[in-house]
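Right, one structure below, let's go through it.
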Amino acid sequence: MTAIESARTALVIADVELRHALQRATSEHVNALAPDLPPIVWTRRTAHDLAPYLVGQVPLSFHDGAQAPAVAQQWAERLGLAEVGCSHEGGREWAGDALLYTGGKQCNVRVWCVADEAAWDAAEAARDAAEGR
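If you count the sequence shown from 1, position 44 lands on 44 in the UniProt record's numbering, and the numbers rise without skipping.
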């Protein structure tokens, strides 16, 4: 196979692998901005024509579940986020325009965690039952 033939070979991107690689890179970058805080999982998301936003999640696997709200709150305080109602029973969430992109454009940031595992699990079970899963 020549170099030109090789260049014409279709590339296949595994969406899940790409998403995980981007999430790892985003998490590494954002966590490095505040090395004194416990690391959490960061994802850069977009919605329709809106500006991209960042979502930080404190996974229960990262920290003792009882510590998740405290870790999320540390990040929220550092970023100047306000607590907002979480759309999921058992969760807590903070949000606000907390970071600036190059050029001065504001970036919406959300940080959330599971604060009550039993309530979270019950809500998940109820949703699954309603959807016939």
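Cβ atoms here follow ideal geometry from the backbone N, Cα and C, with glycine treated the same way.
Beta-carbon proximity check, residue i vs residue j, cutoff 9 Å
i	j	result
W75	V55	no
P52	C107	yes
A72	V58	yes
A122	E89	yes
V114	A95	no
R11	R44	Reading off the sequence shown, one finds Leu at residue 11, where the question assumed Arg. It is not a contact, given that the beta carbons lie outside the stated cut-off.
L60	E117	yes
Rounded C-alpha distance that separates residue i from residue j
i	j	result
V16	P69	28 Å
K105	L79	16 Å
D128	R8	45 Å
P38	A126	32 Å
R24	T102	21 Å
Classification of residue i by the beta-carbon crowding that lies within 10 angstroms, buried from 16 upward
i	result
G91	buried
V109	buried
E28	exposed
I13	exposed
E131	exposed
L81	buried
A98	buried
L77	At residue 77 the sequence reads Glu, which differs from the Leu that was named. Exposed.
Residue range of the unbroken beta strand (DSSP E) whose run includes residue i
i	result
E124	Looking at the DSSP string, E124 is not in any beta strand (DSSP E); the run it does join, the alpha helix (DSSP H), is 117–130.
V114	106–114
Limits of the alpha helix (DSSP H) - the one that residue i falls within
i	result
A47	Premise fails: A47 is in no alpha helix (DSSP H) and is neither H nor E.
V84	Segment 82–84 is the beta strand (DSSP E) holding V84; no alpha helix (DSSP H) there.
L33	15–33
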